[in-house]
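Protein chains in written order, with the UniProt record's numbering: chain A, 1 to 497; chain B, 1 to 442.
What follows is a short report on a single structure.
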């Protein structure tokens, strides 16, 4: 059964990759006019002349030609001193999608259904037989398996994830066919054709749900793990995926109401503020809600429960890490050196996020594009989005799961985690209690700490564990063979540190 | 001053760390087992693939140099107590001013024919693990001899790799010299649930040779033969002191020490598994091979050597283990069968492997100890109850305070107290039970 499951998953994967090559594209002047604005269409038409009315089968060269056309137009506009008319729309994706006219474009629903039913069915066939095992910790063979111990399979998985993120963020037009097959679902949910972000949200949700089921099966002896996993699955499906799409369908500003600044780094960007103001009462509510979340919610809830209330119960990044990433949690680096790097890095990102946001707000309020006339806030905003938003949180944060563990982003990069961590470390009732002298220094707790905390260091001294990075996943307590560790909230003064 | 410590297990290493904390003496830890301190208790997890060897080292490698603790990978062959000199197997010698012997244990072998064949071993040292790993693929069927903590671990290890495991236990029930009947039977049942072939009241007579020096089976006392490719000998351990026999050092089963962990020779101390206490602390056995007692001895000896002569005081007994999926903790004394003047209150879940036994004195009802299976309990709270001779009824109404299970786990205090009320005709009620909204803010 498990092997059949793997076979189905691999079939789905091969089919999914084959989709990239299974379409033809025929761009016509009409499509151009339907997709682009009138003036952009006029600018692009001469450059796209060669593509018109011809059938292309290679998505890479086809979409690249469109991209080149846009680049050329922009260069000419620069040269003519008309930089303000430059094209920033990603027509290379929308035109490629619209020009699609082959096997994939004509069988969207069928192909979508086929790939994802095979994938989900295969995954369930792989996961559910574990229900036959007795409940309890199931870590047998993790460091002997090529996928979970940075051997050949782990490296392949990591490479695939990294390539996926690079395509998604920087070359979405290359994966136009994947986005095309999601059009029907997108249209059903929000009334529009699918974007690359719809594709991402969909895949993300599937990953959290399917791997969440795996987590529920694996930890069915631990109610804490089951409820926590149920929570991240709920927040991903309802808050991150469905509500934003429904809001869009209702013509309201789309928002993931559980996401918050500074993780949601564009919260204070002009277009998002304007969008909310335009939407009236609901928009204003969303704006105020977003501020309450980080200004009141974080300190209050973190004081009572530690940062786990967010990081391992609610957060989307955390949700993916706790489900898709669970097989890789043991790969985090536990060395003191890694901890030092972590502290510098994560707090540097927090500072960067704060400065960038202050700059953006300053520009929004004052209209000046530079702080002190030196630092251009637009540039700041661009580099934050590129370096932190895309590269760090996506390419590195998730792509490196099979190489450096499932919390690379949460541990080294997330500015919200840094902020929550400061509260947890200095003003919180949360701690992991060590039970007297029962620790036998076996190292299971440290090994399975996804945040790379050397839990054993504290446990073997009989000390409680109070660390800013602890997301309270509770796995150290679950894997401890002697019942030494417990996540608890209690009077601050009773933290034995 | 040169302080030499033979053995880099938990006892020797703890002594070294505490000596370093409070002094600038030269400290040299000598071992031929591994270069660095690792946690012996985690050997099973390496074999099962839960961890790599690296993960079992409680301190990173730089720790020792930074703290100026010299680690020497040498095998001590002989100790010249008169000249305060060690002789290593490579012929080198090493002069010390003070010597700490922390040489640990060796697995018992009771003179069975064939006990030294290939693929016959105990599980104690890193070398034992290496040996097992080296021929693991040759094993289809394994026989484990001896029903104790290492036996069940070895059974779990081999089972995790899909081996057929036959578990031979001399007694009528698993570990029943320590565990009362109900506990022991629950574990018997759990062993069978894991498809480990538990055979009680079964002893081996001989281990059979395949003609090439490998084990090919065991012959039992009833003359029947079990074919197997591996025999695990887990019938206890004894102090690893053979190289110290026939010296001035006073030994019996272990190295004899007084309450300060001093041996009969000045400037020579011993601690951990290898010692035999001449006057064991109350409620303690002369030989007590437990992880945490090694730690306490290490701390104690460091103080004594640094001039603050300190008695070894391990306090209220406690221990813990995990039998496959069942966690076990014990605090205080719970004998396998109640002694004169004491009795047990015991509760067992009808549906899960959960069990609590509280041992107490008949006259004062003062609790002396607890066994808890499948429910984690707080050491500090129990220690206090036992030290203060708290009555069993007082303990039961406050039992929730001792609960150490993760949040949302099913609580059993109510079931337990109801069972007590029924058995003893009492009408106790749980105290401090928060209800409603306040329960959220525990």
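Don't be surprised by glycine CBs; every beta carbon is placed ideally from N, CA and C.
Predicted, not measured: the structure shown is a model, and the values here were computed from it.
Nearest-angstrom Cα separation, counted from residue j out to residue i
i: residue 28 of chain A; j: residue 295 of chain A; result: 52 Å
i: residue 206 of chain B; j: residue 215 of chain B; result: 10 Å
i: residue 451 of chain B; j: residue 492 of chain A; result: In the structure displayed, chain B extends from 1 to 442; residue 451 of chain B sits before or after that span and is not available.
i: residue 324 of chain B; j: residue 152 of chain B; result: 8 Å
i: residue 362 of chain B; j: residue 342 of chain B; result: 5 Å
i: residue 103 of chain A; j: residue 10 of chain A; result: 21 Å
i: residue 198 of chain B; j: residue 170 of chain B; result: 11 Å
i: residue 26 of chain B; j: residue 103 of chain B; result: 20 Å
i: residue 142 of chain A; j: residue 398 of chain A; result: 20 Å
i: residue 322 of chain A; j: residue 312 of chain A; result: 7 Å
i: residue 131 of chain A; j: residue 267 of chain A; result: 43 Å
i: residue 83 of chain B; j: residue 132 of chain B; result: 40 Å
i: residue 233 of chain A; j: residue 158 of chain B; result: 36 Å
i: residue 244 of chain A; j: residue 282 of chain A; result: 13 Å
i: residue 506 of chain A; j: residue 127 of chain A; result: Look at the range of chain A in this structure, 1 to 497, and you will see that residue 506 of chain A is not part of it.
i: residue 285 of chain B; j: residue 447 of chain A; result: 34 Å
i: residue 160 of chain B; j: residue 137 of chain A; result: 12 Å
i: residue 88 of chain A; j: residue 157 of chain A; result: 33 Å
Closest Cα partner of residue i within the set the options
i: residue 378 of chain B; options: A/12, A/457, A/277 and A/435; result: A/435
i: residue 456 of chain A; options: A/470, A/439 and A/471; result: A/439
i: residue 518 of chain A; options: B/42, B/350 and B/4; result: Because chain A in this structure spans residues 1 to 497, residue 518 of chain A falls outside the shown range and cannot be described.
i: residue 234 of chain B; options: B/175, B/331 and B/298; result: B/175
i: residue 222 of chain A; options: B/237, B/10, B/413 and B/409; result: B/409
i: residue 14 of chain B; options: B/209, B/95, B/67 and B/400; result: B/67
i: residue 484 of chain B; options: B/385, B/374, B/304 and B/397; result: The shown model of chain B, from 1 to 442, leaves out residue 484 of chain B, and the question about it has no answer.
i: residue 263 of chain A; options: A/377, A/79 and A/353; result: A/353
i: residue 220 of chain B; options: B/144, B/326 and B/356; result: B/144
i: residue 471 of chain A; options: A/394, A/425, A/495 and A/123; result: A/425
Test: residue i CB closer than 8 Å to a CB of chain B
i: residue 431 of chain A; result: no
i: residue 143 of chain A; result: yes
i: residue 495 of chain A; result: no
i: residue 491 of chain A; result: no
i: residue 262 of chain A; result: no
i: residue 442 of chain A; result: yes
i: residue 486 of chain A; result: yes
Where residue i falls, given that 16 or more other Cβ within 10 Å makes a residue buried
i: residue 386 of chain A; result: exposed
i: residue 489 of chain A; result: buried
i: residue 188 of chain A; result: exposed
i: residue 4 of chain A; result: exposed
i: residue 288 of chain A; result: exposed
i: residue 441 of chain B; result: Since pLDDT at residue 441 of chain B reaches only 49, below the 50 mark, its modelled position is unreliable, and the value read off the structure follows with that caveat. Exposed is the call here.
i: residue 329 of chain B; result: buried
i: residue 55 of chain A; result: exposed
i: residue 450 of chain A; result: buried
i: residue 443 of chain B; result: As displayed, chain B neither begins before 1 nor continues past 442, which places residue 443 of chain B out of reach and without an answer.
i: residue 110 of chain A; result: exposed
i: residue 459 of chain A; result: buried
i: residue 1 of chain A; result: exposed
i: residue 461 of chain A; result: exposed
Bridge partners - residue i, DSSP secondary structure assignment
i: residue 361 of chain B; result: B/342
i: residue 76 of chain B; result: B/88
i: residue 107 of chain B; result: B/237
i: residue 287 of chain A; result: Its beta-bridge partners do not exist; DSSP assigns none.
i: residue 271 of chain A; result: According to DSSP, which records beta bridges pairwise, residue 271 of chain A is partnered with nothing at all.
i: residue 370 of chain A; result: A/376
i: residue 444 of chain B; result: There is no way to answer for residue 444 of chain B, as the model of chain B reaches only from 1 to 442.
i: residue 26 of chain A; result: A/55
Contact with chain A by residue i, beta-carbon distance below 8 Å
i: residue 282 of chain B; result: no
i: residue 376 of chain B; result: yes
i: residue 55 of chain B; result: yes
i: residue 379 of chain B; result: yes
i: residue 366 of chain B; result: no
i: residue 49 of chain B; result: yes
i: residue 442 of chain B; result: Summary for residue 442 of chain B: the model assigns pLDDT 44, below 50, so the residue's position carries little reliability, and this model does not support an answer.
i: residue 180 of chain B; result: no
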